[in-house]
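Data first, discussion second: the structure below is written as structure tokens.
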Amino acid sequence: MVLQNTQVCLASSPRGAATSDNFFLRQSPVPEIDDGEVLVRNIYLSCDPYMRGRMAAGTGYAAGFPLGGPIPARVVGQIMQSRHRNFSEGDFVWDFLRWENFTRVTDVRALRRIDPSLGPISHAISVLGMPGRTAEVGMIDIAGVKAGETVFVSAASGAVGSVAGQLAKAAGARVIGSAGTDEKVRHCLENLQYDAVFNYRKEPPGEALDRLCPEGVDIYFDNVGGETLDAVLARIQPFARIPVCGMISQYDGGDYSLRNAGNVVGKRAMIRGFIIYDHMQDFDLYPPRMVARMRRGEVRYFDDIVDGIENTPAAFIGMLRGDNIGKRLVRISDDPGSPTNHPENQRR
Ligand SMILES: NC(=O)c1ccc[n+]([C@@H]2O[C@H](COP(=O)([O-])OP(=O)(O)OC[C@H]3O[C@@H](n4cnc5c(N)ncnc54)[C@H](OP(=O)(O)O)[C@@H]3O)[C@@H](O)[C@H]2O)c1
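Under this note's numbering, residues 1023 to 1370 are what the sequence shown spells out, in order.
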């Protein structure tokens, strides 16, 4: 059988919400490799909110994705052929590759080997990778969460939010979350150790915060911006900290004018945007640290897996709409230790 490489390519930049018309599938031959290179059979493709910004050239903090080509993304895969002395056939690896079945890696310097004894290999691009480290940077390094504080996390069940909330809980804080469906609310309460959670599509954030934390908020881990951020700004405690991780409510356009920003002065609050790429030094020390937390039961994690490379655009668009519970990944080939069979991934 002749293998084909299916690639998910960017047809056009989304205007407003991304649609299936922004993507197309292309078939190409499986690439050949030269000395010093490896060929990776990709297994898990990452779907991340920041990719929406990079699909529109020149609008974000990083360069736009080129039109017409396969979409760059974090990927977990297995070495299928190696002509590099540091990698062997069968090694599990992750890197910033592309939404495609097979990737020829010409520069292996950023290719990282995965230790399967640490858990499901998919975790390399979820809880043990960028999303998990993002939560740690925001909640611990920037906000400096302490026991007894009241912490609020938006997008509380998501890839980053689910870790941020549990890190705060492990530090001894009282943790409130918001999420967009009743199923997510239940998941946060039953599996992610939140003290209280509300569905922001049913109850305005300001009313919910008055009900659940009338004393106000010490730390707000902001994943969504807009109305939720504004509601928090009206309810911050003195010396509140607001690590601004993302503003997904604004990614499809629209502009929200904050009404309560003036409160930051009187409350001597700190608002700090951050980008994970500025915090990648010593990254190799992060996965064992998070594995230790997971083994102590402080953090549980859930990958939300869609099957089939042809379903990647829909999986990505759905994640932006809120279909996912946990980290949205697309599984495009066989994972010998499939995480859907892993006890840590059974959420219901
Ligand atoms: N600063 C950094 O370096 C960095 C790194 C990674 C991620 N981020 C940011 O962190 C945030 C979360 O990313 P993630 O990877 O963990 O994604 P995620 O939370 O797993 O998935 C995105 C979630 O956003 C929520 N959402 C979508 N539209 C919304 C809206 N209009 N209002 C409120 N919530 C909305 C949905 O959950 P609900 O159903 O609960 O609404 C959806 O499930 C994003 O803003 C992302 O850009 C930043």
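C-beta: ideal position from N, C-alpha, C; glycine also.
Asked: Same chain only: Cβ atoms within 7 Å of I1258, ignoring 5 sequence neighbours per side; Found: G1238, V1239, N1285, K1289 and A1291
Asked: Nearest neighbour of N1064, chosen from R1311, K1168 and P1094 [CA to CA]; Found: P1094
Asked: Buried or exposed by the 16-neighbour rule on C-beta atoms within 10 Å, applied to D1244; Found: buried
Asked: Whether Y1273 touches G1248 by CB criterion (8 Å); Found: no
Asked: Closest residue to P1265 among L1280, G1170 and L1251 (Cα-Cα distance); Found: L1251
Asked: Outcome for G1091 when other beta-carbon atoms lying within 10 angstroms are tallied against a minimum of 16; Found: exposed
Asked: Beta-carbon proximity check, M1161 vs L1133, cutoff 8 Å; Found: no
Asked: Within 8 Å, strictly: CB atoms of A1399 and F1296; Found: Outside the displayed span of the chain (1023 to 1370) sits residue 1399, for which this structure offers no information.
Asked: Buried or exposed (CB count within 10 angstroms, at least 16 for buried), V1287; Found: exposed
Asked: Check: V1182 C-beta below 7 Å from any heavy atom of ligand 1; Found: yes
Asked: For M1292, the residue or residues it bridges with in DSSP; Found: R1263
Asked: Per-residue DSSP class, three states only, for Q1303; Found: coil
Asked: Per-residue burial, P1227 [other beta carbons within 10 Å of its own, 16 or more giving buried]; Found: buried
Asked: Close beta carbons around Q1368, own chain, < 6 Å, minus the five adjacent residues each side; Found: Bear in mind that a pLDDT of 46 at Q1368, under 50, signals an unreliable position, so the model cannot answer this.
Asked: Beta strand (DSSP E) runs wholly inside the region 1076-1160, at least 3 long, in chain order; Found: 1094-1104, 1114-1120 and 1124-1127
Asked: Residue from Y1299, H1301, R1322 and R1223 whose Cα sits closest to the Cα of S1271; Found: R1223
Asked: N1044 - DSSP class collapsed to helix/strand/coil; Found: helix
Asked: Closer than 7 Å: D1070 CB and nearest ligand 1 heavy atom; Found: yes
Asked: For N1027, the residue or residues it bridges with in DSSP; Found: S1050
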